[in-house]
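Enquirer: Residue numbers (my numbering), protein chains in the order written: chain A, 82 to 593; chain B, 238 to 448. Quick reminder that beta carbons are idealized off the backbone N, C-alpha and C, glycines included. What follows is a single structure, and I will ask about it in a moment.
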């Protein structure tokens, strides 16, 4: 029996020897896996890079499986997604895994980047590793955008329109650029085909090669040691110090440090599976028919903040900001390690770095949050869906009630809310009369301004009169009505003609 | 320099480096350099048609794919009203499916005068909706608004709605339709010499603010 076991082991070793003598890759790879690493970086903070790689593999595998059924044709893509969702066994689950995997991958890649930035791990000798990493982030976002186009629904269609409209703002080459992106003069078959090519061949190819280079450089320079406050990175001494840490007091990466990576990657994969199972796939929403205009297109989660920023830029600076800001942002990320390759690594000694991460994170968070409920968009059905609150109609004159009907009928509610219901494009009207005088309301309604259209052409005099009469009753919780400060001067001249405020608590002007 | 010219075997420390070997074989080195040049030339000849294929869509004039499309009989459009009309894009190609459909807003101003607007918002191309009561086009994406004549009313757009050229041919209304209109591309060919970008200054907008 022992003899049999010995012979089996021997023949196994022989087979390995035969293979490795010809292949020559197994031993170097095992050596690389067991490379010495400083014992202080076997930490849960160092697990994001490997998890991102695992998610990339998940995306490749699920992407290939989806491509077995998906039809990258403008006339069939949307139907083939519904076919996947409803007719192919587990098709919905594969779509969900791919969709959630994408969201998780973006999140993990960004976490990885924040960790590397705050730990100063981009400094000498790992500058190029960071630069390649920035390109990998851009490629990941490119996968997310092209992937959103693959889900060829209304949002994808109008998202392409937004992309083309942004391209059209590039000076001189705007028109050719639009046609290059769309593959023709309209969004159609050629557009989907080229985004499919980008999503399936071009970007993944570069992404996988880039990850290879990135990992190769990680092995070449070693995983960065834990940043100790006061330990300064200097080009003269760093590599010597690192060698000391890794080889004298270090540990082998596999297995001593790698088990945390493996556990975290498993947890992430499990989370993706759980989200996919419980929340299901993303869309597709309505069919990509541009004649169906009852739609409010919105990009995927990762791009909501851009969508929000585009709502706030004033027209006169929008194009320059749209075209120049991304260049500056990307250039900053790429050049960061060139200009800051030495010095302190620990975050506690780098307040500007911490402040930058905090400000950017809070800004992106706020814009993304705004993007989820788009307060700048008119609510198209508010004028018929949200009734005027009853309390605003109690004890009102017929003229004022008529004004409430004008307010509804002229779609004012699409942009203005009453009692919290209605659009948020313009200010809520619940207390409008306490900060605008009757004259000011007339002027604002008829002439517009401050981002409000003029309604002079859409209202006849009696409608205007009724509308303003109703708006004059909206004074919040019985606030004093706004008064015109100059009226008091006029009243001293002709006191009998003055329209005195109803019950002014104190005669101060509320208008700014 | 003289070391490089040594023949193999002459150097004191044994085998020469590959560079030394190559330097000794100047004919082969020369041939290799020539082969690199040859491949560069072949590559360039190869690249021109490939680049031409890739850039093909940009070469054609944006409006060359367009054509005249009949939208319907004139009496389908009552004077003073604005209606949504669908048509098949003349720029459509094989496999476009539903995406070859286009919608436009037709406004009949007088018996003989029309305005035909692209549904694409001049800001970022989202589909605008017409509200007859307030006589406004509103965009769902970023809240752009336009008056009934297509001029900018408020919001982020920097110009009015894109317009199609139209003609009344006997009893039917026809428009010239081409590509998707953007700030760089026309909806119709040879539109009037109207600049595509008409930025309105931010000061004139905020100047009229109330109070």
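(1) Given that a residue counts as buried once 16 or more other Cβ atoms are within 10 Å of its Cβ, and exposed if not, what is residue 283 of chain B?
(2) Can you give me, in chain order, the residues of the segment 536-548 of chain A that have a beta carbon less than 8 Å from any beta carbon in chain B?
(3) Would residue 352 of chain A count as contacting chain B if we go by Cβ distances under 9 Å?
(4) Counting only beta-carbon separations shorter than 9 Å, does residue 368 of chain A have a partner in chain B?
(5) Taking Cβ-Cβ distances below 8 Å as the criterion, which residues of the segment 229-240 of chain A are in contact with chain B?
(6) Go ahead and pull the three-state DSSP assignment for residue 427 of chain B.
(7) Note down, in chain order, each residue of its chain lying with its Cβ closer than 7 Å to the Cβ of residue 313 of chain A, except the 5 sequence neighbours on either side.
(8) Using a Cβ-Cβ distance under 9 Å, would residue 24 of chain A count as near chain B?
(9) Can you list the residues of chain B that residue 405 of chain A reaches, using a CB-CB cut of under 9 Å?
(10) List, in chain order, every chain B residue whose beta-carbon is nearer than 8 Å to that of residue 243 of chain A.
(11) For chain A, find out if any of its Cβ atoms is closer than 9 Å to the Cβ of residue 368 of chain B; answer yes or no.
(12) CB-CB under 7 Å to residue 515 of chain A, same chain, minus the five flanking residues each way: which ones, in chain order?
(13) On the premise that residue 387 of chain A lies in contact with residue 364 of chain B, defined as a C-beta separation below 8 Å, what is that separation, rounded to the nearest angstrom?
(14) Determine the burial state of residue 198 of chain A: buried for a count of at least 16 other Cβ atoms within 10 Å of its Cβ, exposed for fewer.
(15) Considering Cα atoms alone, identify which of A:456, A:530, A:307 and A:484 is closest to residue 428 of chain A.
(16) Strictly below 7 Å CB to CB, what residues from chain B border residue 259 of chain A?
(17) If we define contact as Cβ-Cβ less than 9 Å, is residue 157 of chain A a contact residue for chain B?
(18) When we look at the beta-carbon of residue 337 of chain B and count the other beta-carbons within 10 Å, is it buried (16 or more) or exposed?
(19) Curious, which full-length alpha helix (DSSP H) runs of at least 4 residues does the segment 140-189 of chain A contain?
(20) Let's test the definition: count the other Cβ atoms within 10 Å of the Cβ of residue 101 of chain A and tell me whether it reaches 16, buried, or not, exposed.
(21) Can you find a CB in chain E that lies within less than 9 Å of the CB of residue 347 of chain B?
(22) At a Cβ threshold of 9 Å, is residue 440 of chain A touching chain B?
(23) Please state the DSSP three-state secondary structure of residue 120 of chain A.
(24) Using DSSP's beta-bridge definition, name the partner residues of residue 499 of chain A.
(25) What are the uninterrupted segments assigned as beta strand (DSSP E) that are 3 or more residues long and contained completely in the segment 221-250 of chain A, given in chain order?
(26) Who are the near neighbours of residue 192 of chain A in its chain, counting only those whose CB is closer than 6 Å to its CB and skipping five residues on each side?
(27) List in chain order: all unbroken beta strand (DSSP E) runs of 3+ residues lying wholly within the segment 431-506 of chain A.
(28) Taking only three categories from DSSP, how would you classify residue 309 of chain B?
(29) On the DSSP letters alone, give me the boundaries of the beta strand (DSSP E) that residue 325 of chain B sits inside.
(30) Using a Cβ-Cβ cut-off of 7 Å (strictly less than) and excluding sequence neighbours within five positions of residue 403 of chain B, which residues of its own chain qualify?
(31) Whole angstroms is fine: what's the gap from residue 528 of chain A's alpha carbon to residue 463 of chain A's?
(32) Can you look up residue 525 of chain A in the DSSP assignment and give me helix, strand or coil?
(33) Just verifying my parser: in three-state terms, what is the DSSP assignment at residue 97 of chain A?
(34) Going along chain A in order, which residues have a C-beta closer than 9 Å to the C-beta of residue 288 of chain B?
(35) Thinking C-beta only, is residue 362 of chain B closer than 9 Å to residue 237 of chain A?
(36) For residue 457 of chain A, which residues from the same chain have a beta carbon less than 7 Å from its beta carbon, with the 5 sequence-adjacent residues on both sides left out?
Expert: On the basis of the supplied data:
(1) Position 46 of the second chain, counted from the first residue, corresponds to residue 283 of chain B. Looking at its Cβ environment, which holds fewer than 16 other Cβ atoms inside 10 Å, residue 283 of chain B is exposed.
(2) 536, 538 and 539
(3) Counting from one through the first chain, the residue named residue 352 of chain A turns up at place 271. At a cut-off of 9 Å, the C-beta of residue 352 of chain A has no neighbouring C-beta in chain B.
(4) Numbered from 1 along the first chain, position 287 holds the residue referred to as residue 368 of chain A. Answer yes: the Cβ-Cβ gap between residue 368 of chain A and chain B drops below 9 Å somewhere.
(5) 238 and 239
(6) Here the question's residue 427 of chain B lines up with position 190 in the second chain. Bear in mind that a pLDDT of 49 at residue 427 of chain B, under 50, signals an unreliable position, so the model cannot answer this.
(7) Stepping through the first chain from its first residue, residue 313 of chain A is reached at position 232. Non-local C-beta neighbours of residue 313 of chain A in its own chain, meaning closer than 7 Å and more than five positions away in sequence, comprise 424 and 425, ordered along the chain.
(8) Given a span of 82 to 593 for chain A in the structure shown, any question on residue 24 of chain A remains unanswerable.
(9) Translated into the one-based positions of the first chain, residue 405 of chain A becomes position 324. Within 9 Å Cβ-Cβ: nothing; residue 405 of chain A doesn't reach chain B, min ~16 Å.
(10) Mapped onto the first chain, residue 243 of chain A falls at position 162. Result: 361, 362, 363 and 378.
(11) Working through the second chain from its first residue, we reach residue 368 of chain B at position 131. It does: the Cβ of residue 368 of chain B has a partner Cβ on chain A nearer than 9 Å.
(12) Residue mapping note: residue 515 of chain A aligns to position 434 of the first chain, counting from 1. Around residue 515 of chain A: 556, 557, 560, 561, 562, 563 and 591.
(13) Position 127 of the second chain, counted from the start, is the residue given in the question as residue 364 of chain B. Position 306 of the first chain, counted from the start, is the residue given in the question as residue 387 of chain A. No, residue 364 of chain B and residue 387 of chain A are not in contact; Cβ-Cβ is about 20 Å, not under 8 Å.
(14) Translated into the one-based positions of the first chain, residue 198 of chain A becomes position 117. Buried, since its Cβ has 16 or more Cβ neighbours within 10 Å.
(15) For the purposes of this step, residue 428 of chain A is identified with residue 347 of the first chain, where counting begins at 1. That would be A:307, whose Cα lies nearest to the Cα of residue 428 of chain A.
(16) Position 178 of the first chain, counting from 1, holds the residue named residue 259 of chain A. Simply 419, 421 and 422.
(17) Position 76 of the first chain holds residue 157 of chain A. Yes, because at least one Cβ of chain B sits closer than 9 Å to the Cβ of residue 157 of chain A.
(18) Here residue 337 of chain B is taken as the residue at index 100 of the second chain, counted from 1. Per the 10 Å Cβ criterion, buried.
(19) 158-167
(20) In the first chain, counting from the first residue as 1, residue 101 of chain A sits at position 20. Looking at its Cβ environment, which holds fewer than 16 other Cβ atoms inside 10 Å, residue 101 of chain A is exposed.
(21) Of the protein chains in the structure, A and B, none is chain E.
(22) Here residue 440 of chain A refers to the residue found at position 359 of the first chain. Residue 440 of chain A does not count as touching chain B.
(23) One-based indexing of the first chain puts residue 120 of chain A at position 39. The three-state secondary structure of residue 120 of chain A, taken from DSSP, is helix.
(24) Along the first chain, one-based indexing puts residue 499 of chain A at 418. A:502.
(25) Listed in chain order, the beta strand (DSSP E) elements of length 3 or more contained wholly in the segment 221-250 of chain A amount to none.
(26) Counted from its first residue, the first chain places residue 192 of chain A at position 111. Closer than 6 Å at the Cβ level, and outside the excluded window around residue 192 of chain A, lie 129.
(27) none
(28) By one-based count along the second chain, residue 309 of chain B stands at place 72. In this structure, residue 309 of chain B counts as strand in the three-state DSSP scheme.
(29) Within the second chain, numbered from 1, the residue matching residue 325 of chain B stands at position 88. Unbroken beta strand (DSSP E) run through residue 325 of chain B: 319-325.
(30) Indexing the second chain from 1 puts residue 403 of chain B at position 166. Result list for residue 403 of chain B: 351, 353, 410, 411 and 412, in chain order.
(31) Taking the first chain and counting its residues from 1, one reaches residue 528 of chain A at position 447. Taking the first chain and counting its residues from 1, one reaches residue 463 of chain A at position 382. When rounded, the distance between both Cα atoms is 23 Å.
(32) What you label residue 525 of chain A is simply residue 444 of the first chain in a count that begins at 1. Here residue 525 of chain A carries a helix assignment [DSSP, helix/strand/coil].
(33) Taking the first chain and counting its residues from 1, the one referred to as residue 97 of chain A is at position 16. Note: residue 97 of chain A maps to helix in three-state DSSP.
(34) Residue 288 of chain B sits at position 51 when you count from the first residue of the second chain. What residue 288 of chain B touches in chain A: nothing, since even the nearest Cβ is about 12 Å away.
(35) Translated into positions along the first chain, residue 237 of chain A becomes position 156. Translated into positions along the second chain, residue 362 of chain B becomes position 125. Not a contact, by the Cβ cut-off of 9 Å.
(36) Here residue 457 of chain A corresponds to residue number 376 of the first chain, with the count starting at 1. Excluding residues within five positions, the ones whose Cβ falls inside 7 Å are 392 and 506.
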